[in-house]
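The structure appears right after this line, and notes come after that.
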Amino acid sequence: MLKKLFQSFRSPLRKPQQHVRTTPEVLSSSQHSLQRTQFSRYAVSIVERLQNAGYQAYLVGGCVRDMMLGITPKDFDVATSATPEQVRAEFRNARIIGRRFKLVHIHFGREIIEVATFRANHPQDDEDEDSNQSSRNESGRILRDNVYGTLEEDAQRRDFTINALYYDPVTERVLDFANGVHDIRNRLIRLIGDPQQRYKEDPVRMLRAVRFAAKLDFGIEKHSATPIRPLAPMLRDIPAARLFEEVLKLFLNGYAEPTFEMLVDLELFEPLFPASSKALEYNPTYTHTLISEALANTDLRVKQNKPVTPAFLFAALLWPALPARVLRLQERGMPPIPAMQEAAHELIAEQCQRIAIPKRFTMPIREIWDMQERLPRRSGKRADLLLDNPRFRAGYDFLLLRETAGEETDGLGDWWTDYQDANESGRRDMIRDLGSKSETGQGPRKRRRSGGSKRKRAGADASE
Ligand code: ATP
Ligand code: MG
1 MLKKLFQSFR SPLRKPQQHV RTTPEVLSSS QHSLQRTQFS RYAVSIVERL QNAGYQAYLV
61 GGCVRDMMLG ITPKDFDVAT SATPEQVRAE FRNARIIGRR FKLVHIHFGR EIIEVATFRA
121 NHPQDDEDED SNQSSRNESG RILRDNVYGT LEEDAQRRDF TINALYYDPV TERVLDFANG
181 VHDIRNRLIR LIGDPQQRYK EDPVRMLRAV RFAAKLDFGI EKHSATPIRP LAPMLRDIPA
241 ARLFEEVLKL FLNGYAEPTF EMLVDLELFE PLFPASSKAL EYNPTYTHTL ISEALANTDL
301 RVKQNKPVTP AFLFAALLWP ALPARVLRLQ ERGMPPIPAM QEAAHELIAE QCQRIAIPKR
361 FTMPIREIWD MQERLPRRSG KRADLLLDNP RFRAGYDFLL LRETAGEETD GLGDWWTDYQ
421 DANESGRRDM IRDLGSKSET GQGPRKRRRS GGSKRKRAGA DASE
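One point on numbering: in UniProt numbering, the residue at position 346 of the sequence shown is 346, and numbering is uninterrupted.
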């Protein structure tokens, strides 16, 4: 993957900084592989309807890019010269939604087509006389970008050349303003315009570059890759809620594992997960194996259309940062279990400063971690109670993950695997055997604690 990243500059004839043309290259239906019938018929009918009403309208972005690559698009986006209000006036099933900018969602049963009005970038030195409120901050980051524009301006404000292709299903022509077709053929992620400036305008584009490179198995073009490391710290200024959304997109699209490798390599992982990034430094093998295994499992589940829980993902991403904190608190005299609880609390609170993980996920993260304390304690009715716990499966999977990463648990994972498979009398025997050969969980309260600290010691071992 890394090799690919650096050998990716394959177009010596092109200037590094290529700008959007005002007249696009127009590809007729014989010059590209797209067919109208491959696109959502709803999206095509929206384009036709808008054009009939006198507006410009195209299919744009990810769906055109993915179709050219033979990938089934996630969704279909339409770009138009009509304002959101004008779009709404044309369709009964349309709703204006506005988060960062106003968009129209047109509903067809469960399918939603997003229609966006052409937008323009703010000029770089935005000094409107009547504007005390600049649309950029001192570092060039765009704070407001809901200004409507022309088709050409819309192409120019898009992030990558491969995302600035417009397909007209009526004439079956593709408009290419930024040599996107060339970059698709050469499998390159290339920013439109000056990379440094475009990253400064919106540092999230650095994450998008990695996301598309991993998903499409493209290289990041050299001039688009070079500014990433020095600009990576700018991600610290991005609102934590937006980063949460972006991180989910990075890790739930079926390519989380290669994405993680690239994030680390391009130094983008540190501003997102500072504590885990430290763990990667002081305990590289364990941390790397645990995270990449968790992500590879997630990718597999996504590809098999199985549900994935962000809580498990975050639990794994943060877990390697726990032992060092537990130790620090213990050194200050805190007993093992409270130290573990406190470390978990601190770590999640700190992480939420960067990435706003909602409560509905932080609770299960804690539960998955707590389960790691409880899985070694199996005597009496404890094992059966744990088995009935709704979080058991996640806790058990997490235990196996820790073992895969090299944590020593005294065969606990195998024990639980066998226990789940055993019948009633087999289970009774397993619990009895446990009592005769293991101290864990059998004795009074004090003994149980030693079980807890044993597990924790395993975690601490891994951090050495
Ligand atoms: P996918 O939906 O498959 O992840 P996409 O390219 O459709 O990929 P979206 O996030 O849906 O990605 O964005 C739609 C389009 O909007 C992009 O193709 C791009 O042209 C533009 N875009 C999105 N985010 C940005 C950004 N931060 N800066 C510039 N353009 C952007
Ligand atoms: Mg999209």
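Just so you know, even glycine gets a beta-carbon here, dropped at the ideal spot from N, CA and C.
Per DSSP, the unbroken beta strand (DSSP E) holding threonine 117 starts and ends at 111–117. Every residue whose beta carbon comes nearer than 5 Å to a heavy atom of the ligand ATP appears here in chain order: Gly61, Gly62, Lys74, Arg158, Asp159, Asn163, Asp202. Taking the Cα positions, threonine 226 is about 31 Å away from tyrosine 148. Annotation: the continuous beta strand (DSSP E) that includes glycine 98 extends over 94–98.
The beta carbon of leucine 280 lies closer than 6 Å to those of Thr287 in the same chain, with the five residues before and after it left out. In the three-state reduction of the DSSP assignment, glycine 193 falls in the coil class, being assigned neither a helical nor a strand state. Contact between leucine 175 and isoleucine 228 does not hold, since their C-beta atoms are separated by about 29 Å, which reaches or exceeds 8 Å. Between threonine 80 and threonine 22, the CB-CB gap reaches or exceeds 8 Å. For isoleucine 106, the number of other beta carbons within 10 angstroms of its own is at least 16, and it is reported as buried. In this structure, DSSP gives valine 60 an extended state, which the three-state scheme calls strand. The DSSP-derived three-state label of valine 308 is coil. A Cβ-Cβ distance of about 11 Å is found for the pair alanine 315 and isoleucine 357, leaving them out of contact under the 8 Å criterion. The residue from Ile337, Asp299, Arg325 with its alpha-carbon nearest to that of leucine 347 is Arg325. Aspartate 77 has its Cβ nearer than 7 Å to a heavy atom of the ligand MG. Per DSSP, reduced to three states, the secondary structure at arginine 173 is strand. The beta-carbon distance between phenylalanine 251 and leucine 327, rounded to whole angstroms, is 28 Å. This is too long to meet the 8 Å contact definition. Taking C-beta atoms under 8 Å as the contact rule, phenylalanine 76 and serine 40 qualify, at a distance of about 5 Å.
Apart from the 5 residues on each side of it in sequence, glycine 254 sits with its Cβ closer than 8 Å to the Cβ of Lys215, Asp299, Val302, Lys303 in its chain, given in chain order. When the beta-carbon positions are compared, tyrosine 42 and isoleucine 113 come within less than 8 Å of each other. Taking the Cα positions, glutamate 153 is about 20 Å away from glutamine 86. Residues of the same chain with a CB within less than 7 Å of the CB of arginine 208, apart from the 5 flanking positions on each side, are Asp159 in chain order. Secondary structure remark: continuous beta strand (DSSP E) runs of at least 3 residues inside the UniProt domain "Polymerase A arginine-rich C-terminal" (333–449): none found.
Following the DSSP letters along the chain, one finds isoleucine 106 inside the beta strand (DSSP E) bounded by residues 102–108.
Taking C-beta atoms as the reference points, threonine 289 and threonine 409 fail to come closer than 8 Å. In this structure, DSSP gives isoleucine 238 a state outside helix and strand, which the three-state scheme calls coil. Taking all protein chains shown into account, isoleucine 71 has fewer than 16 neighbouring C-beta atoms within 10 Å of its C-beta and is therefore exposed.
Here leucine 266 is near alanine 232, since their CB atoms are less than 8 Å apart.
The three-state reading of DSSP puts alanine 79 in strand, counting E and B together. Annotated as proximal: arginine 211 and threonine 259, with beta-carbon spacing under 8 Å. Across the structure, asparagine 121 and valine 181 are spaced so that their CA atoms are roughly 23 Å apart.
Closest by C-alpha distance to methionine 371, out of Glu350, Lys359, Ile337, is Ile337. Here valine 308 has Leu252, Thr298, Arg301, Val302 as same chain residues with Cβ atoms under 8 Å from its own Cβ, once five neighbours each way along the sequence are excluded. The beta carbon of alanine 296 lies closer than 6 Å to those of Glu257 in the same chain, with the five residues before and after it left out. Closest in C-alpha terms to arginine 65, from the list Glu246, Gln38, Arg427, Leu103, comes Gln38. Of Leu103, Ser277, Ser224, Leu412, the smallest CA-CA separation from arginine 374 is found for Leu412.
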